[in-house]
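Numbering (the numbering used here), first residue to last: 47 to 233. For each residue, glycine too, the CB sits at the ideal point set by N, CA and C.
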Amino acid sequence: MSILKPYRFYRRESIERRANEILRRMQTTPNFAPEWPFEASLVADFLDLGVVWDCIQPDEQGAIAARILPTERLIEINEEIQEKPKGFIESTIAHEIGHWVLHIDHDQLESGGSETSDNLLDEPFVCRATIEDARLASIEWQAQYFASCLLMPRPILEAKRVGRDLTNWQHLYTIKDELGVSISNLT
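Below, the structure written as structure tokens:
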């Protein structure tokens with residue numbers, strides 16, 4: 047057994063619903079009501095996930111922006127991205143939360159993984175999309191779409207786009223700044 051869920055295709059609506067459910071629960075919890083621009087670390091706190099900055103060495107595939115240590119309930123962000131725009135950092139944290147919500151088997155994790163080798167439980171979760179592996183690419187897309195839904199819920203995004211031309215890059219960058227996201231989240 048693994049603390050990673052078996053691959054599953056999630057429809058956009060399902061991912062958006064999961065993100066919105068977290069935001070709804072936060073809205074009704076003192077000290078967690080979301081405001082925009084949104085700080086993804088607030089969601090991590092709400093889900094009882096730690097967020098730490100640390101030096102993460104590259105692996106054979108290259109640099110690692112962030113990873114999850116599931117048994118520690120921890121998102122580790124590479125300190126090398128601290129100089130990146132705030133929207134990139136928020137998107138990175140929200141992306142890792144997407145993996146936590148969609149791809150970590152919480153039941154297996156809470157049971158202590160009695161059927162899972164201790165080595166597998168201690169492994170950080172690092173996921174990278176590759177052309178060769180469509181499932182990994184799908185998992186990465188799911189986490190990124192979740193991040194966008196979390197950082198820019200539809201009602202907030204609709205309010206921000208009023209009076210703006212979404213084919214105009216200047217307008218898109220203004221929305222990006224108002225929402226505190228990366229331009230990739232919008233496009």
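Residue i (DSSP reduced to helix, strand or coil)
i      : result
Val89  : helix
Val97  : strand
Ile61  : helix
Lys123 : The identity of residue 123 in the sequence shown is Ile, whereas the question assumes Lys. Strand at Ile123.
Asp179 : strand
Gly108 : strand
Phe134 : helix
Beta-bridge partners of residue i, as assigned by DSSP
i      : result
Phe171 : Ile114
Gly3   : Not covered by the structure: residue 3. The range shown for the chain is 47 to 233.
Ile150 : Leu50
Cβ-based neighbour list, residue i, same chain, cut-off 6 Å, excluding 5 preceding and 5 following
i      : result
Cys101 : Glu125
Arg51  : For the record, residue 51 in the displayed sequence is Lys; it is not Arg. Answer for Lys51: His149 and Asp151, listed in chain order.
Ala79  : Gln73
Reference residue i, options the options, closest by Cα
i      : options                           : result
Val172 : Asp105, Val147, Pro83 and Ala79   : Asp105
Leu120 : Asp223, Ile49, Val97 and Ile127   : Val97
Ala189 : Ile49, Ser48, Tyr53 and Ile61     : Ile61
Glu118 : Arg200, Pro170 and Leu203         : Pro170
Gly144 : Leu218, Tyr191, Leu212 and Gln216 : Tyr191
Contact belief for residue i with residue j at Cβ below 8 Å, rounded distance in angstroms
i      : j      : result
Leu182 : Ala86  : 22 Å between Cβ atoms; not a contact.
Phe55  : Ser184 : 7 Å
Residue i beta carbon near the ligand SAH (any heavy atom closer than 7 Å)
i     : result
Ile68 : As for the ligand SAH, it is missing from this structure, which has no ligand bound.
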